[in-house]
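In full-length UniProt numbering, the protein residues as written are 1 to 318.
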């Protein structure tokens, strides 16, 4: 869903306009497609249409021509667009600078993480850091994987802990904490449960219970199945690992998930079997390159010095 953004007063006509509407305008001017813009902004096509109509009413002009299921910017829309882009850019920069100012003032650091962070050693390093630096306050917030880098770049947090699959962004730097791989999760009574390794194609006839698109693991699992030359029959997709594990235990299907997440639930009713073919991924702390608050600098240096495995790798993501 689109997040509410503070409103600005439009002096023309005394209407109230908000930054969110400018965001919609900019994206729709790029896609020229209501459905695509709705997907980009995680909302509905109807909401996009309402936002544009409200913006047009506030400005007193028509921004888009609508004819034969096609849209295009009007002359007024072309005039407004660069101003909207500048307003959104200025607002984003302001929120980043303001967040840095506040963090520098009170040594507060906001970190957004994937929901499964407690599964990894990085969670323990945060606790150690707080013990060694009691003057710093860390605000830790779980967020779905697909939204982490967006939040980071929008200045909603200073650092994220995320999973990367060959990610490349020259604006960011990272510290690699751990490697992870995918495994098959089977009912303990499954005929293949005692295999030392498993070719995923052997599960082509099974019901698959997997984490959905918002977890950032949906596409890699589909890719693994495609590499094994089959299309999985997905009977459940969601965000709760514990629910998927319970369903596997109840013989409702099989799953494919990352090894370190699955091992939290390793018991006598579920078998975790390595795969013969895999997609490597890395768990990292990530931040925007450039100037940082004092709390950010303290934490970054601490993680570099204390992380294990020789994977300290503060560099551009590649």
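Positions of the beta carbon are idealized from the N, C-alpha and C atoms, including for glycine. It should be emphasised that the depicted structure is a prediction, and the values quoted were computed from it without experimental measurement.
Item	Value
Every unbroken alpha helix (DSSP H) within the stretch 143-196, with a cutoff of 4 residues, ordered by chain	145-153
Per DSSP, cross-strand counterpart(s) of residue 66	71
Sub-7 Å separation of residue 261 and residue 116 beta-carbons	yes
Residue 136 in three-state terms, based on DSSP	coil
DSSP state of residue 45 mapped onto helix, strand, coil	helix
Top-ranked residue by Cα proximity to residue 222, from 249, 290 and 182	182
Candidates 236, 144 and 297: closest to residue 289 by CA position	297
Residues near residue 202 in its chain [Cβ-Cβ closer than 8 Å; skip 5 each side]	192
Opening and closing residue of the beta strand (DSSP E) in which residue 209 lies	207-211
Cβ-based neighbour list, residue 56, same chain, cut-off 7 Å, excluding 5 preceding and 5 following	62 and 63
Backbone CA spacing between residue 241 and residue 255 [nearest angstrom]	10 Å
Beta-carbon proximity of residue 253 to residue 207, cut-off 7 Å	yes
Residue burial classification, residue 132 (beta-carbon count within 10 angstroms, cutoff 16)	exposed
Short Cβ contact (7 Å threshold) for residue 24 with residue 51	yes
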